[in-house]
Structure formats: structure tokens, C-alpha cells
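In my numbering, the protein residues as written are 191 to 360.
All residues carry an ideal CB built from backbone N, CA and C; glycine is no exception.
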């Protein structure tokens with residue numbers, strides 16, 4: 191994996207994935223091959239013992255030929271790290287290691303996701319989704335928010351946003 195920024199333009203950008211990490215669930219969104227539009231994919235149950243969620247994410251990266259995975263980093267409103275921030279960092283590290291072990295060239299990047307879940311819930315309410323139904327889709331909607339923000343930043347900056355996660359695997 192490379193730490194060099196990926197230039198925008200010219201060749202097709204490649205699929206990007208957005209991940210919203212929670213204690214019980216992981217929301218997943220994917221872009222189109224041109225990295226322009228984010229759509230919800232699925233919600234995975236966190237599996238702290240067998241890591242089946244990480245295995246499924248690795249399979250999705252392979253199947254979609256993803257070039258980058260943006261993992262939401264839930265900082266506090268003041269920008270400070272919280273327990274959730276550390277859990278997201280650990281998850282991103284485990285994902286980077288799993289992708290490396292699977293010999294997949296896909297970068298994992300941490301991106302600021304302050305208020306992504308709040309924004310997703312507000313949009314769902316505004317579109318008429320009832321609270322009970324939100325639970326089933328909120329993680330995917332938050333992943334869409336994370337990915338949309340990353341794609342917009344990528345477009346305006348000309349490089350992939352966020353902080354790359356380097357693998358600890360040997």
C-alpha cells in the first residue's frame with residue numbers, strides 16, 4: 191500500500207467505501223466506479239470474537255475492487271478524542287491489517303465524521319422514515335454521509351482525504 195495521495199481526474203477513480211463503526215453494528219456505503227455518488231450497501235453486525243464483519247468487509251473490498259475505505263472518526267464537537275474515537279481507530283487498524291493479509295491494495299483512511307449520524311437521522315426524519323424504521327438503516331445512512339463528505343473533499347482537494355492507516359502486519 192502506498193501513502194502517496196491518489197490524484198483525481200484522468201483515469202476512472204475507482205470504488206470507494208464508507209464505514210460507520212458502532213459498538214453493535216457497522217454501516218457500509220459504496221461509491222460508483224467514478225467515485226461521484228455514495229449509496230447504502232448494508233449493515234453488518236459487529237463480531238468481536240470471530241471478526242466475521244471484518245471478513246465480510248474484506249470480501250466486499252475484493253468483489254468491488256475498492257481502492258479506498260474511509261472509516262469515520264467520531265471526534266467530539268470540540269475535536270477531542272473519545273472512547274468511540276479509539277474504537278474506530280482500532281477497527282480501522284484491524285481492517286487495514288485484514289486487507290494487507292488478503293493481499294488487497296486498498297487504502298484505509300480515517301476521516302472526521304462529527305455529526306454524521308445526527309445528520310443521517312435528521313434526513314431520514316425529514317423524508318418521513320419513522321424512528322422504529324430508522325434503527326435498521328441509520329448505520330448505512332451514516333456511512334453514506336461519511337462517504338459523501340469524503341468524496342466531496344476528494345473532488346475539491348484533488349487527493350484522497352483523511353489520515354492513512356498503515357498496517358501493523360509484517
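Reduced DSSP category for residue 194 - H, G, I as helix; E, B as strand; rest coil: Bear in mind that the predicted position of residue 194 carries a pLDDT of just 42, short of 50, making it unreliable; the figure below should be weighed with that in mind. Three-state DSSP puts residue 194 in coil, outside helix and strand.
DSSP state of residue 297 mapped onto helix, strand, coil: strand
Extent of the continuous beta strand (DSSP E) run through residue 221: 215-221
Residues of its chain near residue 246, where Cβ-Cβ distance is below 7 angstroms and the 5 sequence neighbours each way are ignored: 234
Boundaries (first-last residue) of the alpha helix (DSSP H) holding residue 243: 242-254
DSSP-derived helix/strand/coil call for residue 178: With the chain represented from 191 up to 360, any question about residue 178 goes unanswered, as that position is not in the structure.
Proximity below 8 angstroms, CB of residue 357 to CB of residue 287: yes
Proximity of residue 223 and residue 205 at Cβ, strictly below 8 angstroms: yes
Buried versus exposed, by CB contacts within 10 Å (16 or more), residue 344: Classification for residue 344: buried.
Residue 211 and residue 278 closer than 8 angstroms at C-beta: yes
Closest Cα partner of residue 341 within the set 261, 269, 252, 355: 261
Spatial distance of residue 237 from residue 332 (CA atoms): 20 angstroms
C-alpha gap between residue 337 and residue 298, whole angstroms: 13 angstroms
Segment limits, alpha helix (DSSP H) that includes residue 285: 273-291
Where residue 334 falls: helix, strand or coil (DSSP): Residue 334 falls in the helix class under three-state DSSP.
Integer Cβ distance of residue 216 from residue 263, believed to fall under 8 angstroms: Between residue 263 and residue 216 the Cβ distance is about 14 angstroms, and since that is not below 8 angstroms, they are no contact.
Buried or exposed by the 16-neighbour rule on C-beta atoms within 10 Å, applied to residue 269: Exposed, because fewer than 16 other Cβ atoms sit within 10 Å of the Cβ of residue 269.
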